[in-house]
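Everything on this sheet refers to the single structure shown next.
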Amino acid sequence: VANEDVEDLSISPYWDVAEAPPSLDEMTQLSDGIAVTGQSIEGNIWQGEDNADNGVLYYYVEVLEPLSDLRIKTYGGRGNADLAISYGGPPDPFDQFIDFDFIQSGNSANGRQSGQPDDDSNDQSSSKEDWSMTQGNDEEVHLYNVDVGTYYVIAYTYFRTNDFTIIADFTYPPENIDSDDAIELFPGVEYGPMSGYDGLDQFFKIDVPAGTERLEVDLFDGVGEAELFMRHESAPTPTTFDINSNAPGAGDKIGFNDPTPGVWYILLDSEYVFSGVSIVADFKDRYVWSYDGTPIELFNNEEIAGIEAPEGEELFFFLELENPGEYLEISTYGGDGILSFEVEGQTYSFDFDDFDIDFGGPEGRQGGRPNGNGDGLSQMEMELHKA
């Protein structure tokens, strides 16, 4: 449609016919829990697009029953392999198959993940496509809430990788999605691993006898984002509970003294996804926080729980870094009350012409990053409320 007068217009079409993707007969089938060893790729994408297909190995997975988690993992060997999975057709790292029907039909994932999750889900994907591109051959991709069908997997490299192993792992939907089917936990007995995604509820319960001094419920291992909710004698929900956890990541923990005797129901939930998580409940001795003024050393990714302090008391902590880090983040969560904390240490800034690169981190970050002025001092105040 010419919106205005058009004169001397030329149209010059051009297209490049791509090779068809391989058929299933030319791919290797991956089955649940069976490792395929001795995989090698001689990649040569850097030599030009004509030989780019040599840098890919093709696999497929036939899913005959719905799964809560389909995991594909590569490991071992030498070199640098990347990994991808998709529904509807093979992933296309080098844009070879863009013209073929399975892409045009809309059966492929809505947007390449390129190793990034949808919905800000802590490096986990809940779409029908996932990519893993780290250094070395240790790669892992996940699809969650998986329907019956054929799923395509590729391992690829731009250069070379030798003698790696690839394996598929199926996780079937849990049977405890209703509180009537809650799985009973026994003190100190671990249950898992488990996977979950937004909309999947998993219920547990534990019978607490009279005289129990402390009840602890702990999630451990795994990745992603998980949440715990507990309620006495009835099923909790994300909005109706007696106690909950709000720790970041998949390592949530609930612990409290003098639990009311009877059955406590536990809901494992997520607004995103998680994988490889196990749960354990246990009865412990009464926990009483005490502090004598001696600075307490903090270690990477090791929490200190149950902290208490009267108004006006100062608590001192410290940590030691053996090497400079990109940033330092200190987080507090849970409990109730109002606290402020101050972090002091050495930060480094570099000026390159008009660009200021400050290793202190972005201004205003409340996780404990310095305020970006290079003086190594960060102050913040938070109000904590126990739900």
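According to this note's numbering, the residues represented by the sequence shown are 1154 to 1540, in order.
Note that beta-carbon positions come from the ideal geometry of N, C-alpha and C, so glycine has one too.
Keep in mind that this is a model prediction, so the values were computed, not measured.
For residue i, report the span of its beta strand (DSSP E) as first-last.
| i | result |
| --- | --- |
| Thr-1303 | 1302-1309 |
| Asp-1316 | 1313-1324 |
| Lys-1547 | Because the chain is modelled from 1154 through 1540, residue 1547 falls outside the range shown and cannot be assessed. |
| Tyr-1486 | Where Tyr-1486 is concerned, there is no enclosing beta strand (DSSP E), given that its DSSP letter is neither H nor E. |
| Tyr-1240 | 1235-1240 |
| Leu-1296 | 1292-1299 |
| Met-1347 | 1344-1350 |
| Glu-1191 | For the sequence presented, residue 1191 should be read as Gly rather than Glu. Gly-1191 -> beta strand (DSSP E) spans 1189-1195. |
| Gln-1355 | 1355-1361 |
| Glu-1282 | 1282-1285 |
Per DSSP, what kind of secondary structure is residue i in: helix, strand or coil?
| i | result |
| --- | --- |
| Ser-1423 | coil |
| Ser-1493 | strand |
| Ser-1113 | Here the chain covers residues 1154 to 1540 and nothing more, so residue 1113 does not appear. |
| Gly-1408 | strand |
| Gly-1402 | coil |
| Asp-1371 | strand |
| Ala-1388 | coil |
| Leu-1210 | strand |
| Leu-1472 | coil |
| Glu-1157 | coil |
| Glu-1179 | helix |
| Arg-1231 | strand |
| Ala-1173 | coil |
| Trp-1168 | coil |
| Asp-1185 | strand |
| Ile-1396 | strand |
| Ser-1258 | Its pLDDT being 33, under 50, Ser-1258 is placed unreliably in this model, and the value from its coordinates should be taken loosely. DSSP places Ser-1258 in coil when its eight states are reduced to three. |
| Glu-1380 | strand |
| Glu-1456 | coil |
| Val-1441 | coil |
| Asp-1245 | coil |
| Glu-1450 | strand |
| Glu-1466 | coil |
| Gly-1341 | coil |
| Leu-1162 | coil |
| Gly-1289 | coil |
| Glu-1479 | coil |
| His-1429 | Strictly speaking, residue 1429 in this sequence is Gly, with His absent from that position. Three-state DSSP puts Gly-1429 in a strand. |
| Gly-1094 | The requested residue 1094 is not part of the displayed model; the chain covers only 1154 to 1540. |
| Glu-1215 | strand |
Please classify residue i: is it buried, with 16 or more other beta-carbons within 10 angstroms of its beta-carbon, or exposed?
| i | result |
| --- | --- |
| Asp-1405 | buried |
| Lys-1437 | exposed |
| Asp-1283 | buried |
| Ser-1267 | With a pLDDT of 34 at Ser-1267, under the threshold of 50, the modelled position of that residue is not reliable, and no figure is offered here. |
| Tyr-1167 | exposed |
| Pro-1391 | exposed |
| Gln-1499 | exposed |
| Pro-1219 | exposed |
| Ala-1321 | buried |
| Pro-1174 | buried |
| Phe-1469 | exposed |
| Arg-1439 | exposed |
| Tyr-1240 | buried |
| Ser-1348 | buried |
| Are three or more beta carbon pairs between the stretch 1292-1309 and the stretch 1381-1399 nearer than 8 Å? | As far as the Cβ criterion goes, the stretch 1292-1309 does not touch the stretch 1381-1399, which means the pair count is below three.
| field | Touch test, the stretch 1340-1350 against the stretch 1434-1450, Cβ-Cβ under 8 Å, three pairs minimum | value | yes
| query | Do the stretch 1232-1249 and the stretch 1323-1340 touch if we need at least three Cβ pairs shorter than 8 Å? | reply | no
| query | On the three-pair Cβ rule with 8 Å, is the stretch 1349-1362 touching the stretch 1400-1420? | reply | yes
| Three-pair Cβ contact test at 8 Å for the stretch 1423-1432 versus the stretch 1442-1454 | no
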